[in-house]
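A short worksheet on the structure shown next.
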């Protein structure tokens, strides 16, 4: 027996119809329906993404607990997922997220300069938000865009082959 | 899949089962492969990479070293565990594992018995290529039993897998990633599961160690003595680790048919009470109401004279079922030689009316290992996880193997597996059984038939009946009666229904003997209707309830505290007060014993005497004394032998416990079946329409040793705090709210208690824990109770 091949379900004594709102619940239900019925908890990643987007780009512990309840899974399993992946944030974020790739291909093609440039020009270090709350600067692992390195992801859009100036333009264009 | 294949490990031909992992085969034939994350009882994680080996299959070598714990064997596979390539891989892994591991072995409790230390000797290098700073991790608070030094963690995740797979609670997890990965609870809270102590044994490094043992001894100073745990009917095999005549800690011994490799926290930490200040260390005698120390010969002569001069009909022997087989046997010999059959060990039983038909020797009905193979189990009246942690674990395994589990209880249990619970007042427990009986078409006479006629089976009761019928047909059905059933005012009625259901469905029936030697007590004859060898007796003695009712002149209390260990503490204390002479043999002194007794005789605890326990599955397990008793305390069997000699009994010159054991064993036959021996009439109706007290004994209150184990006492377990636990609606009916103070009244005794709201308690019931100090002011464990609002907030 392993909790890797048998899902460890936890039945919370809770009313699920009070969680989130009707629209979100419908979306989560749609995600759940993509997986085998006993593997409801497979929906945890898209659900966390959904909830994070609704909550202004970050997750609170309470929200993670709610996700655990909604998917009948142990809360600690949700924390494990949320702390493992770089795309989930557990602290308040700026309006936008500027994610610069720091993996090998981008590094060779100048992502280090991009990182220094952002740090100096906007006065933010990795994981910090600018004073005006416009954006949060994150270093991320390989974005899978090595062919056009260096790559930067702004919110959910990829921008490739960037120079410092091009990145500035991009950031200036953010609301 | 059962076909055997052969593989070659280091040139040695080994037989293997397809699907087995290489490491399991190597372990079986005694070839050692280093590992940290692999454990035979847990799922394969393959995350430490220490077990890398070189292998080839069908003449083609694997392109890189493979983890032996996660690679299934194939026919004619060749494996090298010590080849240059394998060793290089293992050394590389070792260097990586040591990157973040602190070099604090001199101040680490695990030092000297550390898997990482051992493997580092074999595979580690003197010099690391790592020059950067080491990682530091903030400690978690795991409560009073487990100390944490998470900086030492090598992230094998054995503790995480243990909690999820064995304990069934997913409290621990690995959060973060890469170097930032942490083992912890994220939300800091203590790990309260009754088996949580096992993660100390599982941890290959010093990240999780025992808190009470911390910094008290080194592994190489300890000598090991094998013993048997005394707190439940399992009889877990344990190792006592001794230094300079003191038990420093307790570890499990592997016994697949009993405790596997596990140990409950109760068995692991109860040793801390051996050094308690409350140990009784010299014989004491009460002279004009004042306790004086005395010597053994005076004390025993006094006792012998009193026993000789008392009318045997006015004498009673109350034996704790945690006493050894030898003690119980000698005690009943003395009692019966004195012509007194009034000896009993069923301290928490309330209803004795069905005694005549009781099985000769109520036991589990199946072996402990067979529990997990049952397809249908009905448990009647048991707070399972509190009573028998490792039986609860076996039942959980039965559920995971697609067995169906049903409970009939007066309160809902928190379980970590699926089970259908039929919850109701004590009267409804009987009705639930009657309804199941009705579905099964059982007809009987008298009260049973009335109850069957009156019942209208619901869905759950029908499901239970169907499950028992089906599993009974496959000879994989079992009905078990627990300690809550024993304390039930209509135990006889429950028993009659349970046996009737078992008969018609072909299910086996078993009892969950609550204490280490409850089965042994029947063998020893410490029972008013059983002679030694569990043979029926012609001369019927008084049961515990009758002894309490009938004023007795002389009482012998063995290993128990009258205000805590009996079903009705107030009546038990009154019985002692009414008696002219009470001798209490105990390892501890307490206010209640000092109040109740006239002579206190210090006897040895389980680590200080040799003896035998018979576990619930009927296995006889002998153990040796590991340390000497403190001061004047003596092993119980020696005290009884001298007493026998002073009373001039013949053949009472026992040399050792082996001789007593052999004498008794010669009288015993194999385990008899659990069938009822005759028909009997049931006269008692279940009590209805009054508020019923229901209770169980909290896990860390079962006997005098556990009650004094301070680390265990600070663990917060389910409903262990004294108070009345009421369903929210019941509280409304009684017009009380949470934390109000109320007066509880049973018969003419009363006490005050605080109200706790608990939706697991059914309507019509008030849960009040038994076996703890505050509950000593009350009566029967399960019976009617009055709740009077005091207005105090």
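Protein chains in written order, with the numbering used here: chain A, 4 to 178; chain B, 4 to 796.
Where is the CB? At the ideal position from N, CA and C, for every residue including glycine.
- The stretch 635 to 655 of chain B makes no contact with the stretch 258 to 267 of chain B, as fewer than three CB pairs between them are under 8 Å.
- For the stretch 77 to 93 of chain A, residues whose beta-carbon sits nearer than 7 Å to a beta-carbon of chain B comprise 77, 79, 80, 82, 83, 86, 87.
- In the three-state reduction of the DSSP assignment, residue 420 of chain B falls in the coil class.
- Within the stretch 511 to 578 of chain B, the runs of beta strand (DSSP E) at least 3 residues long that lie entirely inside it are, in chain order, 511 to 514, 557 to 561.
- Residue state for residue 733 of chain B is assigned as helix, using DSSP reduced to three classes.
- Put simply, the stretch 559 to 566 of chain B touches the stretch 321 to 337 of chain B. At least three CB pairs are less than 8 Å apart.
- Those residues of the stretch 645 to 674 of chain B placed with their C-beta closer than 7 Å to a C-beta in chain A do not exist.
- For residue 415 of chain B, the closest alpha carbon among the candidates B/606, B/385, B/655, B/441 is that of B/385.
- A straight-line Cα-Cα distance of about 29 Å links residue 375 of chain B and residue 718 of chain B.
- The beta carbon of residue 182 of chain B lies closer than 8 Å to those of 103, 138 in the same chain, with the five residues before and after it left out.
- Under the three-state reduction of DSSP output, residue 149 of chain A falls in the helix class.
- As the crow flies, the alpha-carbon of residue 371 of chain B is around 8 Å from that of residue 619 of chain B.
- Residue environment for residue 392 of chain B: buried (at least 16 other C-beta atoms within 10 angstroms of its C-beta).
- Under the three-pair Cβ rule at 8 Å, the stretch 496 to 515 of chain B counts as touching the stretch 469 to 478 of chain B.
- Using a CB distance cut-off of 8 Å, residue 11 of chain A counts as an interface residue toward chain B.
- Interface flag for residue 177 of chain B against chain A is set, since a Cβ pair is found closer than 8 Å.
- Boundaries of the alpha helix (DSSP H) around residue 124 of chain A: 114 to 125.
- Boundaries of the beta strand (DSSP E) harbouring residue 140 of chain A: 138 to 143, taken from the DSSP string.
- Looking at the DSSP output, residue 81 of chain B shares a beta bridge with B/11, B/59.
- Taking residue 149 of chain A as the centre and dropping the five residues before and after it, the same chain places the C-beta of 108 closer than 6 Å to its C-beta, in chain order.
- Segment contact: the stretch 235 to 244 of chain B against the stretch 513 to 520 of chain B, three or more CB-CB distances shorter than 8 Å; contact assigned.
- Beta-bridge annotation (DSSP): residue 310 of chain B is not paired with any residue.
- Rounded to whole angstroms, residue 476 of chain B and residue 15 of chain B show a C-alpha spacing of 46 Å.
- Separation of residue 11 of chain B and residue 443 of chain B (C-alpha to C-alpha, rounded to the nearest whole angstrom) is 56 Å.
- In the structure shown, residue 100 of chain A falls within a strand segment according to DSSP collapsed to helix, strand and coil.
- What residue 271 of chain B touches in chain A, judged by beta-carbon distance under 9 Å, is nothing: the nearest beta carbon there is about 24 Å away.
- Apart from sequence neighbours up to five positions away, the residues of its chain that approach residue 161 of chain A with a beta-carbon distance below 8 Å are 146, 148, 154, 155, ordered along the chain.
- The stretch 601 to 621 of chain B makes no contact with the stretch 333 to 347 of chain B; the number of CB pairs closer than 8 Å stays below 3.
- The C-beta of residue 182 of chain B comes no closer than 8 Å to any C-beta of chain A.
- The beta-carbon separation of residue 40 of chain B and residue 28 of chain B, rounded to 18 Å, does not stay under the 8 Å limit for a contact.
- Look at residue 27 of chain B: its C-beta is not under 8 Å from any C-beta on chain A.
- The alpha helix (DSSP H) runs lying completely inside the stretch 566 to 654 of chain B and spanning 4 residues or more are 572 to 581, 594 to 599, 639 to 649, given in chain order.
- Straight-line measurement puts the Cα of residue 220 of chain B at about 31 Å from the Cα of residue 136 of chain B.
- Chain A places a beta carbon closer than 8 Å to that of residue 173 of chain B, counting this residue as a contact.
- Against chain A, a Cβ distance below 8 Å from residue 188 of chain B picks out 79.
- Sorting B/600, B/351, B/700 by C-alpha distance to the C-alpha of residue 770 of chain B places B/700 at the top.
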